[in-house]
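Undergrad: Each residue of the sequence shown is one higher than the one before, starting from 12 at the first, in our numbering. From the three backbone atoms N, C-alpha and C, an ideal C-beta is built for every residue, glycine too.
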Amino acid sequence: MGRTAIVGARVFDGEEVTDAGVVVLDGPRILQVGGAVPDGADVVDAAGSTLLPGLVDAHVHTSVEALELALTFGVTTELEMQGMFTRHNRAHVTENDRVADVRSAGFGITPPGGHPSELMGDDGHDGDGDGGEETPWEGVEDEDGTSPWADVVMPFSTTPEEAVAFVPRLEAAGSDYIKFMIDDGTVEGAPGLPLLSDATIAAGVEEAHRRGLLTVAHTLTVDATASAVAGGIDGLVHLFMDGPHTPEIVRSVVASGAFVVPCVVLNASMMGIPATELAADPRVNSRLDDAWTATLRSSYDRYPQGDLRDVLASVKALHDAGVDILVGTDVSFPLPAFGGMAHGASVHHELQLLVRAGLTPIEALRAATSVPARRFGLTDRGRIRPALRADLLLVDGDPTTRISDTLNIRQVWRRGAPLFR
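#1: Which of helix, strand or coil does DSSP assign to Asp416?
#2: Leaving out five residues before and five after Arg367 in sequence, what residues of the same chain have Cβ atoms less than 8 Å from its Cβ?
#3: How far does the beta strand (DSSP E) with Leu62 in it extend, from its first residue to its last?
#4: Taking 8 Å as the threshold (C-beta atoms), are Arg392 and Gly65 in contact?
#5: Going straight from the alpha carbon of Ala161 to that of Glu79, what length do you get?
#6: Buried or exposed: where does Phe96 fall if 16 or more other Cβ atoms within 10 Å of its Cβ makes it buried?
#7: Within the region 71-124, note down every full alpha helix (DSSP H) run reaching 4 residues or more, in order along the chain.
#8: Provide the residue span of the alpha helix (DSSP H) that contains Thr435, from first to last.
#9: For a cutoff of 8 Å on Cβ pairs, would you count Val248 as touching chain C?
#10: If we count the other Cβ atoms within 10 Å of its Cβ and call it buried at 16 or more, is Thr371 buried or exposed?
#11: What are the start and end residues of the beta strand (DSSP E) that includes Ile189?
#12: Residue range of the beta strand (DSSP E) that Ala184 falls in?
#13: For Asp56, report the span of its beta strand (DSSP E) as first-last.
#14: Looking only at its own chain, which residues have a Cβ that is under 8 Å from the Cβ of Gly9, when we skip the five neighbours before and after it?
#15: Which residues bound the alpha helix (DSSP H) around Thr371?
#16: Do Val423 and Ala379 come within 8 Å of each other at the CB atom, strictly closer than that value?
#17: Is it a yes or a no for the region 285-297 touching the region 254-274, going by three-plus beta-carbon pairs under 8 Å?
#18: Please classify Gln28: does DSSP put it in a helix, a strand, or coil?
#19: Look at the alpha carbon of Ala57 and the alpha carbon of Ser74, and state the distance between them as a whole number of angstroms.
#20: Should Ile212 and Ser238 be called a contact, given that it needs their Cβ atoms to be closer than 8 Å?
#21: Measure the alpha-carbon distance for Leu319 versus Leu250 and round it to whole angstroms.
#22: Check each candidate in Pro397, Phe387, Phe431 and name the one with the smallest Cα separation from Val406.
#23: Judging by CA-CA distance, which residue of Pro122, Gly38, Gly117, Ser310 is the nearest neighbour of Val227?
#24: Buried or exposed for Ala302, going by 16 or more other Cβ atoms inside 10 Å?
#25: According to DSSP, is Ala398 part of a helix, a strand, or is it coil?
#26: Rounded to a whole number of angstroms, what is the C-alpha to C-alpha distance between Met12 and Arg400?
#27: The alpha helix (DSSP H) spanning Leu224 covers which residue range?
#28: Measuring straight from C-alpha to C-alpha, what distance separates Glu119 and Phe270?
#29: Please report the distance separating the alpha-carbon of Pro273 from that of Ala279.
#30: Once DSSP output is grouped into helix, strand and coil, what is the label at Phe23?
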């Protein structure tokens, strides 16, 4: 792979718009930003376009096919919040420049019978489906033929000691960060789900931090949010939807230093609001098959009493208070029951909703590039800088002033490899 010079584009470097004029790729890395076009470089005339870092979806449940779809929308990294793409199980993805890169929590710490058990039924996608404790990763093997999950059971925890014991096992099995499920089932229409105690959360978080691991929490209610931040969680990968924000909850999140992945698209879907307008956009539906289009046009519809205006106001209040907001979607599978989201496409929808909430287009773009890279320790991406990965998105127009222009996708590079001819 030789050198490629992208010339004439407006450059959003992950933080600000620059006057670089030229960005040169050398194989999988960015060689230079600004300066002259090197002799012999292949030149891409990008006049009238904007060059961005590859986008990050900070909350997904994914598959190889979904990673492939995400990349076609300029999403070059997905962060899995429950699933199988841990360190020991993604070599086929890491080296494949036709799919998005991925990091994973593995499976989240939850009580027996806790979330997401109510979503799984007998044909669960995220577990063994029968509510038992056997690992769902049979057949996953390291190079020496042994399974990294051989001694791992589902991380069901009811006591601080159990949570502490599971953290090193998840780390050894390849989890990149540790997730805690804090959910009483109210929003899912399954009230009464068992909850992790505050002491269990705090003990598990302390052990993860002792090992240098980032912690995140599934929190859909104000009370769950309060429990998570009291326990020292580093990031909330949902935004509460059971009521408007209060000064107290905003202050507690700010004081904790936690980031928030609002997943507004998920909250809308839970409230019965499908992504019909997004599905009708030819820039979207031309990249989706019938199953994904039908999924966008459906919704979870488990919490119709919710008010999306409250969610948007909470996003704005947290952002104005200095909380780091990250783009995430909670997209999973092409099934109407998990409706309202599609891999890749819903990142662009989330960007639009963040702007609707009151972020500027540039602030929203940071939330999908440099901010998730910084908060998840992905130091090689999220910005357009020399020596970083050449994960890039080129779009026609100017999304730094008109956020919907992110869908005017012209080219995507993953480690310097162009996706489209």
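TA: Checking against the coordinates, here is how it stands:
#1: It is helical.
#2: Taken in chain order, the residues that qualify are Leu323.
#3: Counting along the chain, the beta strand (DSSP E) containing Leu62 begins and ends at 60-64.
#4: A Cβ-Cβ contact shorter than 8 Å links Gly65 with Arg392.
#5: A caution first: Ala161 carries a pLDDT of 47, below 50, which makes its placement in the model unreliable, though a value can still be read off. Within the model, the alpha-carbon separation for Ala161 versus Glu79 is close to 29 Å.
#6: Counting Cβ neighbours within 10 Å, Phe96 comes out buried, since at least 16 surround it.
#7: Runs found: 75-83, 102-105.
#8: Residue 435 lies beyond the residue range present for the chain, which begins at 12 and ends at 432; the question has no answer from this structure.
#9: Structure shown: chain C not included; a single protein chain is present.
#10: Result: exposed.
#11: Unbroken beta strand (DSSP E) run through Ile189: 189-193.
#12: Premise fails: Ala184 is in no beta strand (DSSP E) and is neither H nor E.
#13: Start and end: 53-56.
#14: Residue 9 falls outside the range modelled here, since the chain spans only 12 to 432, and no answer is possible.
#15: Taken as a continuous stretch (DSSP letters only), Thr371 belongs to no alpha helix (DSSP H), as it is neither H nor E.
#16: No, Cβ-Cβ distance for Ala379 and Val423 is not below 8 Å.
#17: Short answer: they don't touch.
#18: The question names Gln, but residue 28 in the sequence shown is Val. Correct three-state label for Val28: strand.
#19: Going by the C-alpha atoms only, they are around 32 Å apart.
#20: It is a contact, given that the beta carbons lie within the stated cut-off.
#21: Taking the straight line joining both Cα atoms gives about 11 Å.
#22: Comparing Cα-Cα distances from Val406 to each of Pro397, Phe387, Phe431, the minimum goes to Phe431.
#23: Taking only the C-alpha atoms, the option nearest Val227 is Gly117.
#24: Looking at its Cβ environment, which holds fewer than 16 other Cβ atoms inside 10 Å, Ala302 is exposed.
#25: Coil, per DSSP.
#26: The alpha-carbon atoms of Met12 and Arg400 are separated by roughly 14 Å.
#27: Leu224 -> no alpha helix (DSSP H), and no H or E assigned at all.
#28: A small fix is needed here, since residue 119 is Gly in this sequence, not Glu. If you take the alpha carbons of Gly119 and Phe270, they lie about 18 Å apart.
#29: Near 11 Å, if we compare the C-alpha coordinates of Ala279 and Pro273.
#30: Of the three classes helix, strand and coil, the one that applies to Phe23 here is strand, per DSSP.
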